[in-house]
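Novice:
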Amino acid sequence: MVFLSQVIRTLDPKQNQGAAPEIQALKNQLQERDRMFHSLEKEYEKTKSQREMEEKFIVSAWYNMGMTLHKKAAEDRLISTGSGQSFLARQRQATSTRRSYPGYVQPATAR
Numbered sequence: 002m003v004f005l006s007q008v009i010r011t012l013d014p015k016q017n018q019g020a021a022p023e024i025q026a027l028k029n030q031l032q033e034r035d036r037m038f039h040s041l042e043k044e045y046e047k048t049k050s051q052r053e054m055e056e057k058f059i060v061s062a063w064y065n066m067g068m069t070l071h072k073k074a075a076e077d078r079l080i081s082t083g084s085g086q087s088f089l090a091r092q093r094q095a096t097s098t099r100r101s102y103p104g105y106v107q108p109a110t111a112r
């Protein structure tokens with residue numbers, strides 16, 4: 002019987018008026034936690050998008066640096082190969098030099 006009367010008291014809001022401030026305090030805490038949770042979610046999304054943008058900038062800078070270094074290396078190679086001749090001009094010179102070499106024998110033509 003004592004147990005039933007306790008259950009009735011806890012379920013009956015008219016008799017349980019002393020617990021109303023406690024319930025309200027718990028509801029307030031719950032609302033505050035919800036607000037904090039939503040603000041943390043927004044902050045996380047903002048941080049995530051900022052990190053993604055930074056990663057894109059880093060990749061872009063790395064690509065640009067690589068292209069610049071590649072271009073510089075190619076230009077340096079062209080400058081060091083000499084006298085501004087094209088690849089084909091250098092090949093023609095090498096071929097004509099070989100033909101004029103006295104030890105060079107031209108292959109016999111098939112007849």
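Mind the numbering: the sequence shown is residues 2 to 112 in the working numbering, read in order.
Ideal placement from N, C-alpha and C gives every residue a C-beta, glycine not left out.
Is Arg112 helix, strand or coil by DSSP?
Specialist: The sequence position of residue 112 within the sequence shown is 111, counting from 1. Confidence is the limiting factor: at Arg112 the pLDDT is only 49, short of 50, which leaves the residue's position unreliable and the question unanswerable from this model.
Novice: Where does Gln7 sit, in a helix, a strand or coil, going by DSSP?
Specialist: The residue given as residue 7 occupies position 6 in the sequence shown. Looking at Gln7 - three-state DSSP - the assignment turns out to be helix.
Novice: Please list the terminal residues of the continuous alpha helix (DSSP H) segment that includes Gln51.
Specialist: As a first step, residue 51 must be located in the sequence shown, where it is residue number 50. Counting along the chain, the alpha helix (DSSP H) containing Gln51 begins and ends at 21-81.
Novice: Enumerate in chain order the residues of its own chain whose CB-to-CB distance from Pro22 is below 7 angstroms, with the five nearest sequence positions on each side excluded.
Specialist: Against the sequence shown, residue 22 aligns to sequence position 21. Closer than 7 angstroms at the Cβ level, and outside the excluded window around Pro22, lies no residue.
Novice: So, with DSSP's three-state summary, where would you put Asn92?
Specialist: Counting from one through the sequence shown, the residue named residue 92 turns up at place 91. Looking at the sequence itself, residue 92 is Gln, so the reference to Asn does not match. Correct three-state label for Gln92: helix.
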